[in-house]
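S.K.: Please see the structure below; I have some questions.
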Amino acid sequence: MLRLPTDTSTPGEVRLPFVPVSATADRTAEAPAPHAATRRWSPVELVPPAVLVLLCAVLLAPGHGLWFDEAFSAEVARRPLADILRAITTGEGVTSYLADVPPSYNAPYYLVAHLWVSLPGLGGDTSLRVLSVLATAGGLALVTRAVTRLAGRASGVLAGLVPATAPLLLEQAAEARSYGLAVLATGGALLGLARWLQDGRGLLLLGLAGAAMGLMHWYAVTVLAAFVVAALLLRGRAAVRVAVVGALAALPVGGLIGVNLLNGTGARNAEHLRDTGGTLADLAVEAWAGGRTPLLYLTVGLAVVGALRGAGMRVVGVCWVLVPLLLLLAAETVRPVYLPRYLLAGLLGLGVLAAAGVTALPRGARTPVAAALVGLSLVASAPLAVREPRERSDDVVALLLEEQRPGEPVVAADQRAAMGLDHFVRTEGPRLRPDVVLPPDDAPADADRVWLVRRLVDGEPVPTDDDAVLEGAGLSLTRTWDLPAVKTDLVVQLWTR
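Numbering-wise, the numbering used here comes out as the position in the sequence shown, counting from 1, plus 2.
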């Protein structure tokens with residue numbers, strides 16, 4: 003009789019038992035059923051999402067206006083559903099000045115945002131940021147629950163708390179973009195995987211959440227691949243069902259990519275992606291740590307400990323970190339793919355693996371090391387609380403409301419200026435609307451006073467043909483107002499005869 007070694011794993015840990023090698027041997031292993039204490043949900047699991055909501059409230063307290071990407075979300079979301087669908091399928095922009103920036107890339111997010119702002123009382127700018135915060139908090143709650151099932155409650159709570167205080171996650175959670183929903187879907191997929199590993203259930207949740215991951219952000223499908231790889235490593239042939247579910251879940255994002263290829267969008271507007279020259283992993287970890295060296299080294303060191311000794315999360319955590327990075331490094335051989343926030347769903351795994359490393363330390367070291375990890379994350383995130391606005395288009399409109407006289411043209415000279423001007427005139431300064439001139443229209447040559455709003459790059463206005471039109475009409479620049487910001491510097495110019 004073959005005697006199996008005694009299982010000394012912690013409750014919820016996935017461990018492969020020894021089996022003899024034979025032609026008919028089944029190399030799959032069953033995860034032990036979750037311990038009764040971790041199967042039941044506990045209110046302490048709300049700590050990570052509560053911390054995230056509190057920190058995001060601090061970040062949003064200054065009330066800075068939307069910047070270009072967020073304003074784009076708001077302007078697309080408020081359009082009639084038929085217009086959004088037409089723009090997605092045809093690859094055309096929703097306005098004249100965004101003709102080459104269709105909402106095709108994040109199409110599912112804009113549909114969700116449209117439904118959200120259609121609800122009574124949720125049509126304002128802040129509501130889109132609230133959607134992102136709530137979705138991120140929900141995602142962390144699901145991550146906490148999943149890791150609790152796999153590795154115990156202490157590991158689960160810390161696995162939610164570490165990302166909740168990470169600067170990269172906090173920054174994106176407080177913005178009106180799709181990253182919060184991507185985190186929510188990632189947490190759902192992880193919980194589905196955890197349930198399948200332990201109970202043989204959860205494939206429906208894994209499939210639905212996995213599909214949502216890719217639809218909310220294309221890069222998140224690499225994390226879905228990581229979960230499938232983890233299941234195959236842990237369960238062998240028994241995980242074929244997980245692989246099939248993962249493949250089916252990837253079909254919607256494949257269809258979305260196909261739509262973008264067919265409508266001619268392709269790689270348009272991807273010039274912001276960087277080629278890292280093979281250093282993508284280094285840059286990604288640095289971005290997760292907010293550029294803070296102590297946090298970077300502590301996180302990586304604990305992640306290594308988690309990969310070697312983390313009870314219940316070794317295989318899942320390692321796959322979560324490595325598979326997305328390897329896939330993106332392979333993609334980088336074809337074209338640039340790097341932008342820190344695009345890697346957010348994958349980098350969540352780094353925080354989870356670091357948390358697993360903490361709970362793998364000797365008992366007396368766990369509390370101080372956990373405090374150091376969370377504390378350094380908060381220190382790295384602190385600058386976000388006092389950060390200047392990313393863009394000041396709302397201040398541009400406030401300035402124009404004070405200085406501009408009715409009938410004087412207000413001209414947006416470029417795409418970025420047009421986006422902010424159009425949005426905040428609608429929300430803050432509707433009296434300016436009759437005087438607003440948006441691209442591709444040029445500044446009128448018959449006015450005596452013209453207000454020109456434009457973007458500054460390296461301290462210089464972006465060249466446009468408006469300068470030649472105004473100079474040809476006998477106008478000259480008489481006054482300027484600079485509005486510097488973190489992301490986009492704007493300038494308001496007054497041209498007179």
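Think of the CB as a built atom: it goes at the ideal place given N, C-alpha and C, for glycine as much as any other residue.
1. Among G422, L205, A414, A332, which residue has its Cα nearest to the Cα of E393?
2. Check each candidate in A372, R481, R311 and name the one with the smallest Cα separation from R499.
3. Hey, out of L479, R179, P104, whose CA is closest to E94's CA?
4. Run through DSSP, which three-state label would D484 get?
5. Between L297, V60, V247, which has its C-alpha nearest A374's C-alpha?
6. Going by CA-CA distance only, name the one from G461, A357, D450 that's closest to L496.
7. Looking only at its chain, what residues have a beta carbon closer than 7 Å to the beta carbon of V49, apart from the 5 residues adjacent to it on each side?
8. When the distance is taken between beta carbons, is G319 closer than 8 Å to G303?
9. Among A137, A445, W118, E462, which residue has its Cα nearest to the Cα of V471?
10. Have a look at D448, R418, W483, D424 and flag the residue whose alpha-carbon is nearest the alpha-carbon of R457.
11. Could you check the C-alpha separation between F229 and E334 for me, to the nearest Å?
12. Looking at the structure shown, is A420 part of a helix, part of a strand, or coil, going by DSSP?
13. Taking W118 as the reference, which of P326, S106, V132, N108 has the closest Cα?
14. Using DSSP's beta-bridge definition, name the partner residues of R451.
15. Mind checking which residues open and close the beta strand (DSSP E) that includes A240?
16. Starting from V78 and walking both ways along the alpha helix (DSSP H), at which residues does that stretch end?
17. With DSSP as the reference, please indicate the residues paired to Y299 in a beta bridge.
18. Hey, quick one: how far does the alpha helix (DSSP H) through V149 stretch, first residue to last?
19. If contact is defined by three or more beta carbon pairs under 8 Å, each pair taking one atom from either stretch, is the stretch 365-373 in contact with the stretch 313-331?
20. Distance check for L195 and L206, CA to CA, integer angstroms please.
21. Pull up the distance between the alpha-carbon of A362 and that of L341, whole angstroms please.
22. Where do the N-terminal and C-terminal ends of the beta strand (DSSP E) with V413 fall, by residue?
23. Whole angstroms are fine: how far does the CA of V261 sit from the CA of V306?
24. Thinking C-alpha only, which one of R237, T167, P486, L355 is nearest L61?
25. Would DSSP call V464 helix, strand or coil?
M.R.: Short version:
1. G422
2. R481
3. P104
4. Note: D484 maps to strand in three-state DSSP.
5. L297
6. D450
7. Cβ-Cβ distances below 7 Å link V49 to V159, L163 in the same chain, with the five nearest sequence neighbours on each side left out; the list follows chain order.
8. no
9. A445
10. Closest option to R457, judged by alpha-carbon separation, among D448, R418, W483, D424: R418.
11. Distance between the alpha carbons of F229 and E334 is about 22 Å.
12. helix
13. V132
14. DSSP, once it has assigned bridges, lists T498 as partnering R451.
15. Neither: A240 is in no beta strand (DSSP E) and is coded neither H nor E.
16. 70-79
17. Partner(s): none; Y299 has no beta bridge.
18. 127-153 is the extent of the alpha helix (DSSP H) around V149.
19. no
20. 10 Å
21. 32 Å
22. 412-414
23. Separation of V306 and V261 (C-alpha to C-alpha, rounded to the nearest whole angstrom) is 40 Å.
24. T167
25. coil
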